[in-house]
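Chains as they are written, first to last, in this note's numbering: chain A, 307 to 372; chain B, 307 to 372; chain C, 307 to 372; chain D, 307 to 372; chain E, 117 to 385; chain F, 117 to 385; chain G, 117 to 385; chain H, 117 to 385.
Think of the CB as a built atom: it goes at the ideal place given N, C-alpha and C, for glycine as much as any other residue.
Since the model is a prediction, treat every value here as computed from it, not as a measurement.
Here's the structure we're looking at; comments come further down.
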Amino acid sequence: MQIFVNGETRQVPPDCNVAQLLAEMRLADKRCALEVNREIVPRSAYATWVLQNTDQVEIIHAVGGG
Amino acid sequence: MQIFVNGETRQVPPDCNVAQLLAEMRLADKRCALEVNREIVPRSAYATWVLQNTDQVEIIHAVGGG
Amino acid sequence: MQIFVNGETRQVPPDCNVAQLLAEMRLADKRCALEVNREIVPRSAYATWVLQNTDQVEIIHAVGGG
Amino acid sequence: MQIFVNGETRQVPPDCNVAQLLAEMRLADKRCALEVNREIVPRSAYATWVLQNTDQVEIIHAVGGG
Amino acid sequence: MSALPSTEPHHADPLIIAGKRYTSRLLVGTGKYRDLEETRRAVEASGAEIVTVAIRRTNIGQNAGEPNLLDVLPPERYTILPNTAGCYTAEDAIRTCRLARELLDGHDLVKLEVLGDQKTLFPDIPATLKAAEILVKEGFKVMVYTTDDPLIAKRLEELGCVAVMPLAAPIGSGLGIRNPYNIRLIVENAKVPILVDAGVGTASDAAIAMELGCDGVLMNTAIAAARNPVLMASAMNKAVQAGREAYLAGRMPRKLYGSASSPIEGSFF
Amino acid sequence: MSALPSTEPHHADPLIIAGKRYTSRLLVGTGKYRDLEETRRAVEASGAEIVTVAIRRTNIGQNAGEPNLLDVLPPERYTILPNTAGCYTAEDAIRTCRLARELLDGHDLVKLEVLGDQKTLFPDIPATLKAAEILVKEGFKVMVYTTDDPLIAKRLEELGCVAVMPLAAPIGSGLGIRNPYNIRLIVENAKVPILVDAGVGTASDAAIAMELGCDGVLMNTAIAAARNPVLMASAMNKAVQAGREAYLAGRMPRKLYGSASSPIEGSFF
Amino acid sequence: MSALPSTEPHHADPLIIAGKRYTSRLLVGTGKYRDLEETRRAVEASGAEIVTVAIRRTNIGQNAGEPNLLDVLPPERYTILPNTAGCYTAEDAIRTCRLARELLDGHDLVKLEVLGDQKTLFPDIPATLKAAEILVKEGFKVMVYTTDDPLIAKRLEELGCVAVMPLAAPIGSGLGIRNPYNIRLIVENAKVPILVDAGVGTASDAAIAMELGCDGVLMNTAIAAARNPVLMASAMNKAVQAGREAYLAGRMPRKLYGSASSPIEGSFF
Amino acid sequence: MSALPSTEPHHADPLIIAGKRYTSRLLVGTGKYRDLEETRRAVEASGAEIVTVAIRRTNIGQNAGEPNLLDVLPPERYTILPNTAGCYTAEDAIRTCRLARELLDGHDLVKLEVLGDQKTLFPDIPATLKAAEILVKEGFKVMVYTTDDPLIAKRLEELGCVAVMPLAAPIGSGLGIRNPYNIRLIVENAKVPILVDAGVGTASDAAIAMELGCDGVLMNTAIAAARNPVLMASAMNKAVQAGREAYLAGRMPRKLYGSASSPIEGSFF
């Protein structure tokens with residue numbers, strides 16, 4: 307199934323949840339936050355939030371800025 | 307009957323119209339503009355606009371300002 | 307005989323006076339002032355002031371400046 | 307005998323020397339410098355420098371200033 | 117010299133507001149003068165063609181037979197610019213403009229100011245935006261008093277104001293142009309005339325405003341509160357022209373070090 | 117208005133140097149122009165009555181038949197002020213003044229400048245003091261270029277100079293008045309005319325100098341190096357008048373906060 | 117000296133934002149550094165306790181294993197202030213704040229900036245007011261970037277922002293405080309901390325901001341774009357303390373003339 | 117941070133005057149304090165190593181048993197810099213220096229000032245040049261107070277002065293650096309230390325002097341006349357360090373427009 311992560315298309319297995327996506331992207335242990343279709347997914351819900359086809363996922367973190 | 311002109315009470319005869327009010331106030335030939343109850347009375351209507359009891363009349367003109 | 311005019315060498319006939327020098331330089335009718343060996347020669351003395359060999363002559367005028 | 311110290315007249319005994327003057331003024335142990343008649347008296351000469359009648363003595367020290 | 121633009125800057129270089137051409141770039145207020153005669157003489161000495169007036173009740177400054185401001189500043193000669201001075205809400209400002217239009221037989225050029233604070237007399241920007249939008253819709257030609265915020269100035273232009281008038285400093289302060297940088301930004305981005313309004317204190321302030329590229333200057337206190345208002349009016353008249361001409365002439369580049377005006381060559385010493 | 121000083125500042129308010137009255141307070145240099153015609157037009161537009169010139173050898177800028185500077189700026193019309201530009205010693209400056217006096221048939225008004233440094237063109241003060249003393253003794257009327265040191269300015273006045281001319285900024289820099297505070301001190305203490313000489317860059321700089329109380333301004337590069345020198349000359353002409361009138365009119369006091377120009381009373385809103 | 121407030125200004129004089137006490141009044145950004153190590157060293161030299169960060173997609177500046185900004189600036193040690201840099205609408209700014217709060221486990225202190233123009237990076241005031249109102253309602257502690265308009269600053273305080281941060285000059289311009297007068301007005305009227313945000317270029321600019329009575333200064337480019345960022349960070353650390361202490365100490369009155377520091381009496385000469 | 121020059125500017129960056137190294141670049145006067153204890157505490161808070169003192173008759177400020185200035189500022193700890201404050205002739209200044217040398221057992225570092233005017237306390241330049249020449253010949257190490265005339269400053273260096281100290285503004289005026297341009301010129305051309313002497317009013321003034329490249333700052337009234345002199349002394353201590361570090365760090369270039377501190381890429385909005 308295809309989703310969009312940070313504006314890029316990405317193939318993920320059906321029933322893939324957010325925790326699995328982050329693990330696969332090697333972001334599981336990184337400090338980041340996540341939106342699916344503009345809705346924030348709390349960290350506590352990562353394991354239970356199942357992604358749907360064409361979901362728009364945004365994963366953000368802190369970078370240098372002023 | 308009593309009306310209010312520029313915030314002050316004033317006695318005027320019944321059926322007094324705007325033109326008569328201005329004449330009595332010696333403003334007939336002065337350059338000014340006029341509101342009755344916040345509605346502007348065009349110059350052309352002065353003679354036909356009859357004042358009612360408790361009408362709020364504002365008569366303004368240009369003064370020095372910046 | 308040789309003199310120096312405004313820093314350049316110049317041949318002039320013996321007994322050449324200042325008036326003759328200016329005439330020859332086409333400066334006779336120009337507004338200018340003149341020094342011989344650092345001494346100012348007044349206009350009135352041009353005709354009588356005879357130049358000597360190796361004299362240092364400066365002829366100046368007004369130019370644009372601020 | 308009378309001398310002038312810092313602009314004020316002062317009586318001192320004959321043959322009074324600078325060291326004695328300073329002692330009498332309770333300045334012996336103070337950090338100061340001294341002029342007699344505009345000539346600087348080195349500290350080493352205090353005991354031998356004998357004051358003369360009408361001598362002008364200036365005794366200075368450091369004060370707050372910028 | 118009469119053929120030179122330098123001596124006839126006006127005809128060569130008109131100020132155009134709402135389609136009308138003006139030869140003077142100095143606009144003046146009419147407040148704070150000793151009397152109407154001083155007002156008349158100062159306005160005359162200023163060379164201004166646009167004069168701003170306040171709108172007030174007739175029982176103020178109106179004794180029987182006493183001349184009216186518009187008698188000494190006849191609308192036939194001057195473009196009268198009624199202002200909303202003293203208004204602290206969009207509603208009051210709009211109401212004032214409507215009355216002014218009636219007063220002046222439909223003349224629809226107005227100076228909009230909606231104040232936000234009695235201490236600084238700074239404009240209330242949200243209320244100013246709101247009033248400007250409504251007045252433009254009602255067909256007024258709005259010259260608007262604002263801060264030196266370049267983005268607000270642009271928004272007021274986009275709303276349809278015919279001129280944008282940032283303050284140089286608080287009304288009546290005479291502090292001069294506090295932030296030339298912002299005024300310059302406003303001028304660079306503008307498609308309508310930019311006039312500095314308020315804060316000018318003396319002639320050089322007005323010249324600086326024009327050298328920054330402003331299209332004009334509006335002032336009142338700098339003239340009326342001078343020791344000699346009529347002479348100061350003349351000074352401002354010349355200063356605005358001087359600043360405009362200097363802007364058009366293109367100033368010399370600044371140099372960090374000296375540069376001789378006289379030739380080196382030809383020295384005999 | 118014609119009766120008002122405001123419109124005839126000249127006749128009412130002459131500049132007097134060495135006993136001679138001038139109506140213009142702007143003095144201009146004649147260097148750095150494209151050609152003599154531009155020089156003539158710029159000087160005319162400036163309204164200047166006193167023009168300064170350099171003294172150089174005739175084989176410089178002198179082609180047969182080419183007009184001479186004094187042909188386009190006739191001494192009958194303008195007061196010619198020969199300067200000692202380029203002199204780095206008192207001797208050279210004195211020698212230049214003597215030649216200039218001869219050149220101008222005994223005319224003894226001179227602009228003394230003794231430079232101390234080629235990079236900044238700042239004056240050499242000890243040499244300037246020395247040259248001024250000698251020139252005054254020889255009967256010259258000395259207008260002297262100096263720094264903005266108030267005590268040196270006073271000393272030059274005491275030596276008998278007819279005018280003292282502190283720099284606003286380095287010659288040709290166009291940086292404007294770097295230290296208005298010192299210029300003000302000089303003006304306060306002076307009994308002879310104080311003219312700002314050098315450093316003015318644009319019209320407002322000239323107005324500021326006059327508002328500080330200076331009696332006049334001398335400039336060259338600000339006009340000659342403008343994109344349009346003739347128009348800038350006109351701007352400077354007006355700016356100097358504007359600044360002078362503002363000084364005479366007495367500017368309004370500065371206020372930290374706003375002060376309304378329109379009456380509060382009579383508000384109907 | 118250790119007993120003197122002068123040497124321990126921090127403990128004696130804390131900065132309190134949203135109820136939390138800080139000993140440093142310098143807040144720094146984390147952008148434009150060569151690398152994270154330089155970022156770390158500069159932030160350390162600055163003495164800052166509050167550091168602002170941007171929120172971006174993970175695929176930016178995120179190579180496998182590369183340290184993350186928050187690894188070198190641990191939230192346990194620094195108060196992390198996420199900002200909405202780059203947002204041009206209220207919606208984007210609000211969305212960014214919500215994500216930042218999630219990122220930082222509910223930490224709700226944010227720096228709100230809604231830009232209105234890419235050239236000047238000036239804030240969009242109407243959009244800023246709108247975003248501030250919503251964010252405050254959602255429980256955010258909002259430190260808000262704004263212009264130096266004193267009335268808008270007051271309105272943002274009234275909306276419930278915990279700190280108001282007027283610009284000194286455009287972000288990244290280094291032009292210093294363009295309008296000290298307005299900054300002073302904002303400080304005089306404020307009940308919440310006022311921090312100058314953006315425009316500081318060098319140490320004296322920061323000192324001036326503090327001497328005007330500001331409660332703190334936020335900067336990024338002035339440090340990051342210096343030739344030696346770590347040394348400049350140290351300079352800013354000291355400059356902010358110096359300016360604060362000078363403000364508390366109460367500067368001497370200005371005098372127009374000289375006043376001797378040494379006694380006249382006791383002169384022997 | 118202790119390895120960073122930013123935190124140990126002193127050891128890394130000494131001020132060297134007449135061959136002696138100093139870690140502090142702030143020199144302070146000792147006049148105008150409430151009492152000797154306040155003097156001591158302010159000098160201590162300032163971190164100054166060189167303190168200037170006046171020379172006066174002993175019957176002034178000398179009551180029996182009262183401590184002497186040099187008791188609270190022991191020459192063993194501080195470098196005492198006797199000054200010629202109050203001298204209006206070269207002779208008086210020279211005489212004062214000779215007495216001071218005797219007073220301090222041959223210590224030959226002196227601050228030369230020859231005043232020319234009681235109102236402005238500006239130096240008398242010709243007299244200063246004369247006194248400097250004689251004092252140098254007599255073996256004094258002369259730190260000389262002068263105007264901001266770059267050529268005079270250079271001449272004083274050429275005469276052998278060990279430090280040249282131009283005024284920022286009149287002594288005791290607190291007006292700050294009136295002409296940064298001249299100070300910069302002096303610094304650019306100098307081979308000896310340049311210290312701003314007189315005129316500083318608050319911390320940012322001192323920082324600006326150092327950012328201009330000055331080697332140090334000497335002040336008295338700015339500290340002594342502050343509401344809290346000890347706290348202001350601490351502010352000045354930090355301000356001078358801040359300005360020096362900013363100068364060494366190399367400030368960011370100024371930009372006319374904004375420049376974002378946060379990356380554009382990676383925006384999710």
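Item, Value
"Leu185 (chain H) - DSSP class collapsed to helix/strand/coil", "helix"
"Euclidean distance between Cα positions of Ala279 (chain H) and Pro345 (chain H)", "27 Å"
"Nearest residue (CA-CA) to Leu372 (chain F), options G:Val308, G:Glu304, G:Ala322", "G:Glu304"
"Contact set between Gly382 (chain H) and chain A, taken where Cβ atoms lie within less than 8 Å", "Val369"
"Alpha-carbon spacing of Gln317 (chain B) relative to Val356 (chain B), whole angstroms", "14 Å"
"Contact set between Pro379 (chain H) and chain A, taken where Cβ atoms lie within less than 8 Å", "Val369, Gly370, Gly371"
"Cβ contact check for the segment 347-364 of chain B and the segment 309-316 of chain C: 3 or more pairs under 8 Å", "no"
"As assigned by DSSP and simplified to three states, the class of Gly332 (chain E)", "strand"
"Limits of the unbroken beta strand (DSSP E) element including Gly145 (chain H)", "142-145"
"Listed by chain order, chain C residues near Arg172 (chain F) by CB distance under 9 Å", "Ile366, His367, Ala368, Val369, Gly371"
"Which listed residue (G:Arg193, G:Leu245, G:Arg172) has its alpha carbon closest to that of Ala164 (chain G)", "G:Arg193"
"Under 7 Å from the C-beta of Lys184 (chain H): neighbouring residues of chain D", "For the sequence presented, residue 184 (chain H) should be read as Asn rather than Lys. Those within 7 Å of Asn184 (chain H) in chain D are Lys336, Arg337, His367."
"Three-pair Cβ contact test at 8 Å for the segment 329-345 of chain E versus the segment 271-287 of chain F", "no"
"Cβ-based neighbour list, Pro239 (chain F), same chain, cut-off 7 Å, excluding 5 preceding and 5 following", "Glu229, Val230, Leu231, Gly232, Tyr261, Thr262, Thr263"
"Cβ contact check for the segment 200-210 of chain E and the segment 139-147 of chain G: 3 or more pairs under 8 Å", "no"
"Simplified DSSP assignment, three categories, for Thr262 (chain G)", "strand"
"Short CB-CB distance (under 7 Å) between Leu237 (chain F) and chain E", "yes"
"Touching by the beta-carbon criterion (3+ pairs, under 8 Å), the segment 146-165 of chain H and the segment 344-362 of chain H", "yes"
"Asn305 (chain G), DSSP secondary structure in three states", "helix"
"Selected residue, minimal CA-CA separation from Lys354 (chain F), among E:Leu131, E:Ala340, E:Ala322", "E:Ala322"
"Thr155 (chain H), enclosing alpha helix (DSSP H) - first and last residue", "152-162"
"Cβ of Ala201 (chain H) within 7 Å of any chain D Cβ", "yes"
"Whole-Å CB distance - Ala170 (chain H) paired with Ala209 (chain H), under 8 Å assumed", "Contact flag wrong, Cβ pair sits at about 12 Å."
"Beta-carbon contacts of Val252 (chain H) that lie in its chain and below 8 Å, excluding the five residues immediately before and after", "Val258, Leu275, Gly276, Cys277"
"Inter-residue Cα distance where the pair is Pro379 (chain E) and Val311 (chain C)", "19 Å"
"Closer than 7 Å at the beta carbon, the chain C residues around Arg214 (chain F)", "Ile346"
"Amino acids of chain F, ordered along the chain, whose beta-carbon sits closer than 8 Å to that of Phe256 (chain E)", "Simply none; closest approach about 17 Å."
"Collapsed DSSP secondary structure at Pro345 (chain E) in the structure displayed", "helix"
"Residue-level contact to chain D via CB, His126 (chain H), 7 Å cutoff", "Any answer about His126 (chain H) is weak, because its pLDDT of 44 lies below 50 and its placement is not dependable; what the coordinates show is given next. No - not a single Cβ of chain D is within 7 Å of the one on His126 (chain H)."
"Nearest-angstrom beta carbon gap, Gly317 (chain G) and Leu291 (chain G) [assumed within contact, 8 Å]", "6 Å"
"Cβ-based neighbour list, Gly359 (chain F), same chain, cut-off 6 Å, excluding 5 preceding and 5 following", "Ala323, Met326, Glu327"
"Secondary structure, beta strand (DSSP E): runs of 3+ residues fully inside the segment 201-277 of chain G", "225-228, 257-262"
"Contact with chain C by Leu197 (chain F), beta-carbon distance below 7 Å", "no"
"Cβ-based burial, Ile132 (chain H) [other Cβ within 10 Å; buried from 16]", "exposed"
"Boundaries of the alpha helix (DSSP H) in which Glu165 (chain G) is found, first to last residue", "Premise fails: Glu165 (chain G) is in no alpha helix (DSSP H) and is neither H nor E."
"For Glu387 (chain A), the three-state DSSP class (helix, strand or coil)", "Any question about residue 387 (chain A) goes unanswered here, given that chain A covers just 307 to 372."
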